[in-house]
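What follows is a single structure, written as structure tokens, with notes after it.
There are 2 protein chains.
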Amino acid sequence: MARLDLSDHDRDALGHAALGWVLKYFAEAASGPVYPSVSADDLRAMVAEPLPREAQDPAVVFEQFVRLAMLGRNNGHPRMFGYVQSSGNFAGVIGDFLASALNQNVTSWRSAPAATTIELQVIDWLKALVGFDPLAGGMLVSGGSAANLAALAVALRVSTDLDLNGRGVSALPAPPAVYASARAHLSIPKAASLLGIGRDAMQWIPVDGAGRMDVRRLADAIARGASDGHHQICVVANAGDVNTGAVDPIDDIADVCESRGLWLHVDGSYGGFAAAAPRVASLFQGLDRADSISLDPHKWLFSPLDVGCLLVRHASGLHRAFAQAADYIDVVADRDMSDFAFWDVSPELSRRFRALKIWFALKCHGASAVLETIDANIAMAEHLAAAIDGRDDFERLAPAPLSIVCFRYVPAALRGREAALNDLNRELMVAVQRDGNAYLSNAMLGSSFALRACIVNHRTTVSDIEMLLDTIERLGTALCASRS
Amino acid sequence: MARLDLSDHDRDALGHAALGWVLKYFAEAASGPVYPSVSADDLRAMVAEPLPREAQDPAVVFEQFVRLAMLGRNNGHPRMFGYVQSSGNFAGVIGDFLASALNQNVTSWRSAPAATTIELQVIDWLKALVGFDPLAGGMLVSGGSAANLAALAVALRVSTDLDLNGRGVSALPAPPAVYASARAHLSIPKAASLLGIGRDAMQWIPVDGAGRMDVRRLADAIARGASDGHHQICVVANAGDVNTGAVDPIDDIADVCESRGLWLHVDGSYGGFAAAAPRVASLFQGLDRADSISLDPHKWLFSPLDVGCLLVRHASGLHRAFAQAADYIDVVADRDMSDFAFWDVSPELSRRFRALKIWFALKCHGASAVLETIDANIAMAEHLAAAIDGRDDFERLAPAPLSIVCFRYVPAALRGREAALNDLNRELMVAVQRDGNAYLSNAMLGSSFALRACIVNHRTTVSDIEMLLDTIERLGTALCASRS
Chain A
73 MARLDLSDHD RDALGHAALG WVLKYFAEAA SGPVYPSVSA DDLRAMVAEP LPREAQDPAV
133 VFEQFVRLAM LGRNNGHPRM FGYVQSSGNF AGVIGDFLAS ALNQNVTSWR SAPAATTIEL
193 QVIDWLKALV GFDPLAGGML VSGGSAANLA ALAVALRVST DLDLNGRGVS ALPAPPAVYA
253 SARAHLSIPK AASLLGIGRD AMQWIPVDGA GRMDVRRLAD AIARGASDGH HQICVVANAG
313 DVNTGAVDPI DDIADVCESR GLWLHVDGSY GGFAAAAPRV ASLFQGLDRA DSISLDPHKW
373 LFSPLDVGCL LVRHASGLHR AFAQAADYID VVADRDMSDF AFWDVSPELS RRFRALKIWF
433 ALKCHGASAV LETIDANIAM AEHLAAAIDG RDDFERLAPA PLSIVCFRYV PAALRGREAA
493 LNDLNRELMV AVQRDGNAYL SNAMLGSSFA LRACIVNHRT TVSDIEMLLD TIERLGTALC
553 ASRS
Chain B
73 MARLDLSDHD RDALGHAALG WVLKYFAEAA SGPVYPSVSA DDLRAMVAEP LPREAQDPAV
133 VFEQFVRLAM LGRNNGHPRM FGYVQSSGNF AGVIGDFLAS ALNQNVTSWR SAPAATTIEL
193 QVIDWLKALV GFDPLAGGML VSGGSAANLA ALAVALRVST DLDLNGRGVS ALPAPPAVYA
253 SARAHLSIPK AASLLGIGRD AMQWIPVDGA GRMDVRRLAD AIARGASDGH HQICVVANAG
313 DVNTGAVDPI DDIADVCESR GLWLHVDGSY GGFAAAAPRV ASLFQGLDRA DSISLDPHKW
373 LFSPLDVGCL LVRHASGLHR AFAQAADYID VVADRDMSDF AFWDVSPELS RRFRALKIWF
433 ALKCHGASAV LETIDANIAM AEHLAAAIDG RDDFERLAPA PLSIVCFRYV PAALRGREAA
493 LNDLNRELMV AVQRDGNAYL SNAMLGSSFA LRACIVNHRT TVSDIEMLLD TIERLGTALC
553 ASRS
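As you go down the protein sequences, you meet chains A and B in turn. Its first residue numbered 73, the first sequence is counted upward by one per residue in the numbering used here. Its first residue numbered 73, the second sequence is counted upward by one per residue in the numbering used here.
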């Protein structure tokens, strides 16, 4: 037996222990605290050990894992409302498990025939799900940041006939400009930095009262940029900003981009999959006119981490950015499938078989169940917004078009005192997190500190929404009492 | 029950079906063909279906998976010798399975306390394993391409006091230059392209007869670059080139870098973990003097895909490249651990819990078993090289210092006829792949097409090496017969 093979007995025992734990974890996902009570020092003491030179008993290692596992945040919990953290799903976990065992390196058809075929099928499904061009190209990456980085890399290269891959961005004839909503995700300026055009290339377009990009200001900025001689690369629109869920007026933005010959990238990392949810589909009009779209199946498709996706209407753009061969072929459809290589269309070479978890989940549950769940999440947000609007001691701070609600606790004594309200709500957020009954994160809206609840969880029900508000009220009352 | 929860019964059934399949897959890893016999059209027909709108029976979905799974390459097979594809390991698969179920988003300590602590522990172990600075910073990414991209991003930003993140690389005072071995991995020029400095910034340093960077030529190139007024960014050395396994003379290169004040990045994606393998450790002298090192645990640490690692001696460089806050803090050690965020030191925001598979495998097997396995892989390569040298109808085309052997089949009739030998060996490689008994890939060495065997598999034994040569001889003889 090879040194790195466990015995049949140990494999069987470790495998069953792990499966038993996972089944229990899913059966109990809706119970227990959302967040653990542990200090960084205590955790470090539990984990710290020198490089293990010799083998440890797998059963003992597993027991150590079990103790540590409970010191993570329970992201499947129905009252996990922080960030854009989805609940995952069991069918996806099984797909991921099988992907790890199969250990396919999805670099190309020749290296991973079945996995490559399944990935291309899954990308076709994602296009169908959001109503994007069936002939678009696409690939799976680690998440929205990677997808947005790749999107900007493509838009930059398509913006000029110059060989930027060879000559670098200094070859651009003029200072570059990327137009984005002032609410764009931080991965957009980070991408501008990494790609060498620099964060200063970002032209921030103000948003209206509902957090949507002001299209008139966009058109003005582009006209000004053109007359100033900027090299204009693209417009980045939000399909679900991560602060409030605002969806930019994509159709109107597409009009501007079309008239100016500018690439339109839509960052749908959070909200993209809601484009087909009956309750909000109309918000996404024009999505099919985008040149590229970022989507995060590990967000509102409830896949386990990690999997992001970039779709590009004309696949040749992916080749422009990522193919390294001098004489690459621009059109994937012209190539024999067995010659297909993801390294020509993607920043990665080695690639995990990320598609299998999506394949399993979409088949076992059906897209209808996903869309109904997205719709239900939005309904829960509407319920939360209405409940906040109906209570005197809460104040909503932004429209809630998707599944994010931004609000604050406003006890009568502090009404109108902005600084004090910010302090109180900052403390309150931490108190809620430590309490363990629910988990909130925050957003800064103007100068106001907002408690922010984001619902991308298939287990959240109305009673969880009620419990969230009760928890905040209980802790808020206590905080105020301790201060007075 | 939520629409995206399977019933307890279905979870139990699907989980046990999957575990049973994985246990069988591992029990039979050493048997069966390495590569399937299937056409792209047949596979497409098996996979193709419109977006599944409604739920399918999980048992039926699983059966479809089982049929498709056998149409992938069996990368754990002891005669899988293609590319740098490791065999994976079961303990790692279990770690990955639990990571998918836990679904931690390892963005920061606050979001994933236990997972963050485990990842930092695993990075400490990787530093210890290759003898790198214990105070170095590091993070896990999707693989070598991502690690090399991040490394060049860091070296570029550390190379100047200018705010490149803000101003872009056009702010550089002179044309950039990156010095790399002519054998550098294609991810290096791809990174130069993506980062905006352009592939033309690459200065290729010739290698000697053993494929090692010529240090005198490097020193000359740097001196010339300095007098030509280039903005010199870094030197990229190979610690195991993926063509032949050549290890550049790192210590001598470090001398040059030190005297010139240049960043030294060592690409150890393939070979880095061999630095502690007794049989070859001396080749890696000077590795501890590098400013950054890329390592791929999914290669010679036998982890399931994906996981790469970038180590950076002075962690502040990671902040320079990746922290987006204006007033970021340079030294991680000065920060309270509960404030630690990977987004300050890494290109990603959402991050899979990649560390858990390494944690499980290193504990269950011990680093000694990993190093012994690496040593055994190298011994197998030495055996293969010696066997080739001992046969008249084979010719070795390069030294084999690590676990890669480049060679060709040379029947007496074709001796000395280069073009004909290239044609024959190209056909032979495909014939070996289709035969299914072993899997080889290739390298171009000068103008010679080489069959290339890379051994990063804990199951490969001497009899597999013998079978490889027998298979090649059998197919080579048949090919020659069919041509005459």
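Each residue gets a CB set at the ideal place from its N, CA and C atoms; glycine is no exception.
- DSSP places residue 257 of chain A in no alpha helix (DSSP H); its state is neither H nor E.
- Close partners of residue 421 of chain B in chain A (Cβ separation under 8 Å): 215, 216, 217, 258, 259.
- Straight-line measurement puts the Cα of residue 506 of chain A at about 14 Å from the Cα of residue 112 of chain A.
- Just so you know, the alpha carbons of residue 446 of chain B and residue 471 of chain A end up roughly 58 Å apart.
- Bounds of any beta strand (DSSP E) do not take in residue 97 of chain B; it lies within the alpha helix (DSSP H) bounded by 80-99.
- Per DSSP, residue 415 of chain A is not a residue of any alpha helix (DSSP H), being assigned neither H nor E.
- For residue 383 of chain B, the uninterrupted beta strand (DSSP E) segment begins and ends at 380-384.
- Proximity of residue 97 of chain B to chain A, defined by a Cβ-Cβ separation below 8 Å, is satisfied.
- Boundaries around residue 339 of chain B are those of the beta strand (DSSP E), 335-340, since no alpha helix (DSSP H) includes it.
- Contact annotation: residue 338 of chain A and residue 346 of chain A have beta-carbon atoms that are not nearer than 8 Å.
- If you draw a 10 Å sphere on the C-beta of residue 132 of chain B, you find fewer than 16 other C-beta atoms in it, and that means exposed.
- Per DSSP, residue 540 of chain B lies in no beta strand (DSSP E) segment; the continuous alpha helix (DSSP H) that holds it begins and ends at 534-555.
- Beta bridge pairing from DSSP links residue 319 of chain B with B:311.
- Between residue 124 of chain B and residue 439 of chain A, the C-beta spacing is below 8 Å.
- Using a Cβ distance threshold of 8 Å, residue 157 of chain A and residue 514 of chain B do not count as a contacting pair.
- Contact with chain A is found for residue 409 of chain B, since one of that chain's Cβ atoms lies less than 8 Å from the residue's Cβ.
- In the same chain as residue 294 of chain A, and ignoring 5 residues on each side of it, the C-beta atoms closer than 6 Å to its own belong to 332, in chain order.
- If you check the CB distance, residue 499 of chain A and residue 519 of chain A do not come in under 8 Å.
- Per the DSSP secondary-structure output, residue 515 of chain A pairs in a beta bridge with A:522.
- With contacts defined as CB atoms closer than 8 Å, residue 349 of chain B and residue 443 of chain B qualify as a contacting pair.
- Within the same chain, Cβ atoms closer than 7 Å to the Cβ of residue 536 of chain A are found at 150, 151, the five residues on either side in sequence being excluded.
- If you check the CB distance, residue 340 of chain A and residue 366 of chain A come in under 8 Å.
- By the C-beta criterion, the region 383-390 of chain A is judged not to be in contact with the region 153-172 of chain A, since fewer than 3 inter-stretch pairs fall below 8 Å.
- The beta-carbon distance between residue 409 of chain B and residue 532 of chain B, rounded to whole angstroms, is 42 Å. This is too long to meet the 8 Å contact definition.
- One Cα belongs to residue 93 of chain A, the other to residue 110 of chain A, and the distance between them is close to 21 Å.
- For residue 230 of chain B against residue 509 of chain B, the beta-carbon gap comes to about 49 Å, at or over 8 Å, which does not count as contact.
- For residue 275 of chain A, no alpha helix (DSSP H) segment is defined; the enclosing uninterrupted segment is the beta strand (DSSP E) at 274-277.
- For the region 535-551 of chain B, the beta-carbon criterion of a distance under 9 Å to any beta-carbon of chain A is satisfied by none of its residues.
- Spanning the alpha carbons of residue 369 of chain B and residue 539 of chain A requires a straight line of approximately 44 Å.
- Nearest Cα to residue 138 of chain A within the set B:343, B:432, B:468: B:432.
- With contacts defined as CB atoms closer than 8 Å, residue 382 of chain B and residue 222 of chain B qualify as a contacting pair.
- Within 10 angstroms of the beta-carbon of residue 207 of chain B lie fewer than 16 other beta-carbons, which makes it exposed.
- Straight through space, the alpha carbons of residue 428 of chain A and residue 412 of chain B are spaced by roughly 32 Å.
- In the structure shown, residue 116 of chain A adopts helical secondary structure according to DSSP, grouped into three states.
- Under the DSSP assignment, residue 444 of chain A falls in the alpha helix (DSSP H) whose first and last residues are 439-461.
- Counted as a single uninterrupted DSSP element, the beta strand (DSSP E) harbouring residue 211 of chain B occupies residues 209-213.
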